[in-house]
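Asker:
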Amino acid sequence: MRRLEARGLSFGYDGAPVGEGVDLDLAGGEIVCLLGPNGGGKTTLFRTLLGVLPPIAGEVRAADRPLARLSRRERARLLGWVPQAHAGLFAFTVEEVVLMGRTARRGRFAAPSRRDHDVVREALERLGIGRLAGRVYTQISGGERQLALVARALAQEAGVLILDEPTASLDFGNQLRVLGEIRRLRDDGIGILMSTHQPEHALEVADRIALLEAGRIVAEGAPRETATPERLARLYRADLAAVAARLAPSESRR
Amino acid sequence: MPRWPWLLLGLLLTLAVLAGLAAGPIALGPGELLRALLGGPSAEGQATMVVWSLRLPRLAAALLVGAALSAAGTAYQAMFRNPLVSPDILGASAGAGMGAALAILFGLPTLGIQGAAFAGGLTAVGLVTLVAGRVRRHDPVLVLVLAGIAIGTLFSAGISLAKVLADPTVQLPSITFWLLGGLSASSPADVGRAAPLVAAGLLPLLLLRHRVDLLTLADEEAAALGEDVSRLRFTLIVSATLVTGASVAIAGIVGWVGLVVPHAARLLVGPRFARSLPAALLLGAAFVAIADTLARSAAAIELPLGILTAFVGAPAFLWLLARGGRFS
Numbered sequence: 007m008r009r010l011e012a013r014g015l016s017f018g019y020d021g022a023p024v025g026e027g028v029d030l031d032l033a034g035g036e037i038v039c040l041l042g043p044n045g046g047g048k049t050t051l052f053r054t055l056l057g058v059l060p061p062i063a064g065e066v067r068a069a070d071r072p073l074a075r076l077s078r079r080e081r082a083r084l085l086g087w088v089p090q091a092h093a094g095l096f097a098f099t100v101e102e103v104v105l106m107g108r109t110a111r112r113g114r115f116a117a118p119s120r121r122d123h124d125v126v127r128e129a130l131e132r133l134g135i136g137r138l139a140g141r142v143y144t145q146i147s148g149g150e151r152q153l154a155l156v157a158r159a160l161a162q163e164a165g166v167l168i169l170d171e172p173t174a175s176l177d178f179g180n181q182l183r184v185l186g187e188i189r190r191l192r193d194d195g196i197g198i199l200m201s202t203h204q205p206e207h208a209l210e211v212a213d214r215i216a217l218l219e220a221g222r223i224v225a226e227g228a229p230r231e232t233a234t235p236e237r238l239a240r241l242y243r244a245d246l247a248a249v250a251a252r253l254a255p256s257e258s259r260r
Numbered sequence: 032m033p034r035w036p037w038l039l040l041g042l043l044l045t046l047a048v049l050a051g052l053a054a055g056p057i058a059l060g061p062g063e064l065l066r067a068l069l070g071g072p073s074a075e076g077q078a079t080m081v082v083w084s085l086r087l088p089r090l091a092a093a094l095l096v097g098a099a100l101s102a103a104g105t106a107y108q109a110m111f112r113n114p115l116v117s118p119d120i121l122g123a124s125a126g127a128g129m130g131a132a133l134a135i136l137f138g139l140p141t142l143g144i145q146g147a148a149f150a151g152g153l154t155a156v157g158l159v160t161l162v163a164g165r166v167r168r169h170d171p172v173l174v175l176v177l178a179g180i181a182i183g184t185l186f187s188a189g190i191s192l193a194k195v196l197a198d199p200t201v202q203l204p205s206i207t208f209w210l211l212g213g214l215s216a217s218s219p220a221d222v223g224r225a226a227p228l229v230a231a232g233l234l235p236l237l238l239l240r241h242r243v244d245l246l247t248l249a250d251e252e253a254a255a256l257g258e259d260v261s262r263l264r265f266t267l268i269v270s271a272t273l274v275t276g277a278s279v280a281i282a283g284i285v286g287w288v289g290l291v292v293p294h295a296a297r298l299l300v301g302p303r304f305a306r307s308l309p310a311a312l313l314l315g316a317a318f319v320a321i322a323d324t325l326a327r328s329a330a331a332i333e334l335p336l337g338i339l340t341a342f343v344g345a346p347a348f349l350w351l352l353a354r355g356g357r358f359s
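In order, the protein sequences belong to chains A and B. In terms of our numbering, the first sequence opens at residue 7 and continues consecutively. In terms of our numbering, the second sequence opens at residue 32 and continues consecutively.
(1) Check whether chain B comes within 7 Å of Met200 (chain A), counting only Cβ atoms and requiring the distance to be less than that.
(2) Could you tell me the distance, in whole angstroms, from the CA atom of Ser119 (chain A) to the CA atom of Arg240 (chain B)?
(3) Beta-carbon of Val224 (chain A) versus every beta-carbon of chain B: anything under 7 Å?
(4) How would you list, in chain order, the residues of chain B whose beta-carbon sits under 7 Å from the beta-carbon of Arg243 (chain A)?
(5) DSSP on Trp87 (chain A), reduced to helix/strand/coil?
(6) With DSSP as the reference, identify every bridge partner of Pro23 (chain A), one or two as the case may be.
(7) In this structure, what does DSSP give as the bridge partners for Ile215 (chain A)?
(8) Can you round the beta-carbon distance between Gly25 (chain A) and Leu51 (chain A) to whole angstroms, since I take them to be within the 8 Å contact cut?
(9) Counting only the same chain and skipping the five closest in sequence on each side, list residues whose C-beta sits under 8 Å from that of Arg260 (chain A).
(10) Can Ala239 (chain A) and Leu246 (chain A) be called in contact, C-beta distance under 7 Å?
(11) Run down chain B in chain order and give the residues with a C-beta less than 9 Å from the C-beta of Gly221 (chain A).
(12) What residue range does the beta strand (DSSP E) around Asp200 (chain A) cover?
(13) Quick one: residues in its chain with C-beta nearer than 7 Å to the C-beta of Leu334 (chain B), no 5 flanking neighbours on either side, listed in chain order?
(14) Taking C-alpha atoms, which residue in B:Leu298, B:Met110, B:Ala347, B:Phe149 lies nearest to Arg264 (chain B)?
(15) Just checking my contact of Val211 (chain A) with Leu191 (chain A) at CB under 8 Å: how many whole Å lie between their CB atoms?
(16) Within the 7 Å Cβ cut-off, does Gly289 (chain B) reach chain A?
(17) At which residues does the alpha helix (DSSP H) containing Val103 (chain A) begin and terminate?
(18) Strictly under 7 Å for the Cβ-Cβ distance: is Gly232 (chain B) near chain A by that measure?
(19) Strictly below 8 Å CB to CB, what residues from chain A border Thr105 (chain B)?
(20) Using alpha carbons as the reference points, say which of B:Leu38, B:Leu43, B:Val96 lies closest to Ile281 (chain B).
(21) On a Cα-Cα basis, can you pick out the residue from B:Arg306, B:Arg165, B:Ala102, B:Ala341 that is closest to Pro33 (chain B)?
(22) With a 10 Å radius around its C-beta and 16 neighbouring C-beta atoms as the bar for buried, classify Gly41 (chain B) as buried or exposed.
(23) Can at least three beta-carbon pairs, one atom from the region 212-231 of chain A and one from the region 28-48 of chain A, be found at a separation below 8 Å?
(24) Is it buried or exposed, Leu273 (chain B), if we count other Cβ atoms within 10 angstroms and call 16 or more buried?
(25) Mind pulling the chain A residues with CB within less than 9 Å of Ala271 (chain B)?
(26) So that I know if they touch, is there some Cβ in chain A lying closer than 7 Å to that of Asp259 (chain B)?
(27) Could one say the Cβ of Gly356 (chain B) lies closer than 7 Å to chain A's Cβ atoms, at least one of them?
(28) Using a Cβ cut-off of 7 Å (strictly closer), state whether Ala12 (chain A) contacts chain B.
(29) Short check: CB of Gly86 (chain A) to CB of Gln162 (chain A), under 7 Å?
(30) Excluding the five sequence neighbours on either side, which residues of its own chain have a C-beta within less than 8 Å of the C-beta of Ala193 (chain B), listed in chain order?
(31) Using a C-beta cutoff of 7 Å, does Phe96 (chain A) count as contacting chain B?
(32) Can you tell me the Cα-Cα spacing of Phe103 (chain B) and Val269 (chain B), whole angstroms?
(33) Checking the sheet assignment: what are the DSSP bridge partners for Pro72 (chain A)?
(34) The beta strand (DSSP E) with Val116 (chain B) in it runs from where to where?
(35) Within the same chain, show all residues whose beta-carbon is closer than 8 Å to that of Ala74 (chain B), passing over the 5 residues directly before and after it, in chain order.
(36) So what does DSSP say about Val2 (chain B), is it helix, strand or coil?
Below you can see the structure in the form of structure tokens.
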């Protein structure tokens, strides 16, 4: 079953399209990486796929149901969103942040139940950050915050996770950690759609790669065939030799 | 979650209530106070008269105003993702102040002044949300705050104009006292009118308390977690403004309570709205009760309540600023 699909999707703000004609599929247990330059429409596309932004044309379906006909709560049970780690403002503990992921799983006026707390604990343990539960979110490292936001999306118990540049602004060690956890979630059967600015990350973890240029998907398929040095050089307006040199080490590692 | 903050808040409120009943120009000892309370309002004696006719109604007004402003402040700070906003932020206080000033200028009775204050506060907030609703493609929170500042300034100018036009012997002192805030003129009937309004505004805040935390996130983040952000924010704005307006109608503009008490409450019990709201209700009630007791008993003349709360609130605000961006 397709967990998330877009057909002929035009997306943008106030009827002014940022992108057009996007077709996309995501099944459980696979990682699809979206590559493209800044301003290419990645974040706007994600917003539209999540139903936060209504599409201009075309359709998004989640779990084979049209997104437009689902309530916000129903969407949040199917699609989990992991934004780029933000600093946070109020001194919530990590556990309290992750608990917000349970919003769509309980009644409008209901207090968090024992089960909500159990799911939160489980999500934290699954990502190996159980020891952070009582720490204050604004005081932990960027990598830990990113993992906390992944845990929050896991607490939604959604079959799809959409991650917006999960490794941006993380140091090397935390990048490896976050990518490792993403791979494990894929192995657990979750469908993952993520964007990244680092093609080598995409080549490392993705099952499929889609290239987004000026709001259109210009190539999509198996990582090595899709994200070729030639295409990437054109996509990012970069020097071909430099791109090829950059991707070579990860090539030899395989 | 430790229990001591709640015990502390309960103890503080109890002390505030006892001090509010015992202290004043006619000081009552514990025995006298107890006898007067147990004797009921119809018993003979000076202590009974003082406690039942003077201090209890005024204490009730202080508790109501403190709880109301603090609850509104806690809600505003969460929904505007800004720990430094207060019930004044959407122009509510300036609007209420202008309503009251105009009513005094036209020689309306107390009830008319209260009604005008209430209507003025709601009008200001209504204008702000109307303006903000027309501006798209900007951060909605920023637009609301900026619109609030602009509308607030407009209404403040209106207040100044009313002061210029007012009769300097009767109307001007009345306007000034009203803008400084105080409970010396509030009657049991005032409290009786304001209490249902405060209750009506507090009810949605209490019912929705487990969802309010989501508004501290970016709107799209909260939406992706399944929350209808604009509806929730609208409900909270209406509720918090109702509560603020009712409080301003009986006490005038009592500043700083709605800014400082929510902070202290979060320091005690953490930032979760489901805990910080009840903590702010208790702490705010105690704070204004103590401030009002000082206002009427510390000096030979009655001090305006708003001045006392400013003496505590402004240094507390500076201390928060000096802590440098890390908010409780």
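Built from N, CA and C at the ideal position, the CB exists for glycine as well. Note that the structure is predicted; figures quoted are calculated from it, not measured.
Answerer: On the basis of the data shown:
(1) Locating residue 200 (chain A) in the first sequence gives position 194, counting from the first residue. No, Met200 (chain A) does not count as interfacial toward chain B.
(2) Start at 1 with the first residue of the first sequence, and residue 119 (chain A) comes out as number 113. Start at 1 with the first residue of the second sequence, and residue 240 (chain B) comes out as number 209. Approximately 15 Å, taken between the alpha carbons.
(3) To locate residue 224 (chain A), count along the first sequence from 1; it is residue 218. False, the Cβ-Cβ gap to chain B never drops below 7 Å.
(4) Your numbering for residue 243 (chain A) matches position 237 in the first sequence. Residues of chain B with a Cβ closer than 7 Å to the Cβ of Arg243 (chain A) do not exist; the shortest Cβ-Cβ separation is about 28 Å.
(5) Counting from 1 along the first sequence, the entry for residue 87 (chain A) is found at position 81. In the structure shown, Trp87 (chain A) sits in a strand (DSSP, three-state: E or B).
(6) The residue given as residue 23 (chain A) occupies position 17 in the first sequence. Paired residue(s): A:Gly18.
(7) Mapped onto the first sequence, residue 215 (chain A) falls at position 209. For Ile215 (chain A), DSSP records a beta bridge to A:Cys39, A:Gly227.
(8) To locate residue 25 (chain A), count along the first sequence from 1; it is residue 19. To locate residue 51 (chain A), count along the first sequence from 1; it is residue 45. Contact holds; Cβ gap of about 6 Å.
(9) Working through the first sequence from its first residue, we reach residue 260 (chain A) at position 254. Note on Arg260 (chain A): pLDDT 43, under 50, position unreliable in the model; the coordinate value appears next. Cβ within range, chain order: n/a, list empty.
(10) By 1-based counting over the first sequence, the position of residue 239 (chain A) is 233. By 1-based counting over the first sequence, the position of residue 246 (chain A) is 240. Between Ala239 (chain A) and Leu246 (chain A), the C-beta spacing is below 7 Å.
(11) Reading the first sequence from its first residue, position 215 is the one you call residue 221 (chain A). By Cβ distance, chain B contributes nothing, its closest Cβ being about 18 Å from Gly221 (chain A), past 9 Å.
(12) Within the first sequence, numbered from 1, the residue matching residue 200 (chain A) stands at position 194. Sequence check: residue 200 (chain A) is Met here, not Asp. Per DSSP, the unbroken beta strand (DSSP E) holding Met200 (chain A) starts and ends at 197-201.
(13) As a working note, residue 334 (chain B) is residue 303 in the second sequence. Leaving aside the five residues that flank Leu334 (chain B) on each side, the residues in its chain whose CB is nearer than 7 Å to its CB run, in chain order, Ala326.
(14) Your numbering for residue 264 (chain B) matches position 233 in the second sequence. For the residues B:Leu298, B:Met110, B:Ala347, B:Phe149, the minimum Cα distance to Arg264 (chain B) belongs to B:Met110.
(15) Walking along the first sequence from the start, residue 211 (chain A) turns up at place 205. Walking along the first sequence from the start, residue 191 (chain A) turns up at place 185. Contact doesn't hold; Cβ gap of about 11 Å is too wide.
(16) Here the question's residue 289 (chain B) lines up with position 258 in the second sequence. Gly289 (chain B) does not count as touching chain A.
(17) For the purposes of this step, residue 103 (chain A) is taken as residue 97 along the first sequence, with counting starting at 1. Looking at the DSSP string, the run of the alpha helix (DSSP H) that includes Val103 (chain A) is 100-105.
(18) Numbered from 1 along the second sequence, position 201 holds the residue referred to as residue 232 (chain B). Chain A contact via Cβ: absent.
(19) Residue numbering aside, residue 105 (chain B) sits at position 74 when the second sequence is read from its first letter. Within 8 Å of the CB of Thr105 (chain B), no CB atom of chain A is found; the nearest one sits about 11 Å away.
(20) As a working note, residue 281 (chain B) is residue 250 in the second sequence. Of B:Leu38, B:Leu43, B:Val96, the residue nearest in Cα terms is B:Val96.
(21) Taking the second sequence and counting its residues from 1, the one referred to as residue 33 (chain B) is at position 2. With distances taken between Cα atoms, Pro33 (chain B) lies closest to B:Arg306.
(22) Taking the first residue of the second sequence as position 1, residue 41 (chain B) is located at position 10. With fewer than 16 other Cβ atoms from the protein chains shown falling within 10 Å of its own Cβ, Gly41 (chain B) counts as exposed.
(23) At 8 Å Cβ cutoff, the stretches touch.
(24) Stepping through the second sequence from its first residue, residue 273 (chain B) is reached at position 242. Note on Leu273 (chain B): 16 or more other CB atoms within 10 angstroms of its CB, so buried under the neighbour-count rule.
(25) The residue given as residue 271 (chain B) occupies position 240 in the second sequence. Going along chain A, no residue has its Cβ under 9 Å from Ala271 (chain B), so there is no contact; the nearest lies around 17 Å.
(26) By 1-based counting over the second sequence, the position of residue 259 (chain B) is 228. Chain A, which has a Cβ nearer than 7 Å to the Cβ of Asp259 (chain B), makes this yes.
(27) Translated into positions along the second sequence, residue 356 (chain B) becomes position 325. Because Gly356 (chain B) sits at a pLDDT of 48, beneath the cut-off of 50, its placement in the model cannot be relied upon, and the point is left open.
(28) Your numbering for residue 12 (chain A) matches position 6 in the first sequence. With respect to chain B, the C-beta atom of Ala12 (chain A) has no partner C-beta closer than 7 Å.
(29) Working through the first sequence from its first residue, we reach residue 86 (chain A) at position 80. Working through the first sequence from its first residue, we reach residue 162 (chain A) at position 156. Contact: yes.
(30) For the purposes of this step, residue 193 (chain B) is identified with residue 162 of the second sequence, where counting begins at 1. Around Ala193 (chain B), the same chain offers Met129, Ala132, Leu133, Ile135, Leu136, Ile206 as residues with beta carbons nearer than 8 Å, after the five sequence neighbours per side are excluded.
(31) As a working mapping, residue 96 (chain A) is identified with position 90 in the first sequence. Yes, Phe96 (chain A) lies at the interface with chain B (some Cβ there is under 7 Å from its Cβ).
(32) Translated into the one-based positions of the second sequence, residue 103 (chain B) becomes position 72. Translated into the one-based positions of the second sequence, residue 269 (chain B) becomes position 238. Note that residue 103 (chain B) corresponds to Ala in the displayed sequence, not to Phe. Approximately 10 Å, taken between the alpha carbons.
(33) Mapped onto the first sequence, residue 72 (chain A) falls at position 66. Per DSSP, A:Arg67.
(34) Start at 1 with the first residue of the second sequence, and residue 116 (chain B) comes out as number 85. Premise fails: Val116 (chain B) is in no beta strand (DSSP E) and is neither H nor E.
(35) Counting from one through the second sequence, the residue named residue 74 (chain B) turns up at place 43. Non-local C-beta neighbours of Ala74 (chain B) in its own chain, meaning closer than 8 Å and more than five positions away in sequence, comprise Ala67, ordered along the chain.
(36) Because chain B in this structure spans residues 32 to 359, residue 2 (chain B) falls outside the shown range and cannot be described.
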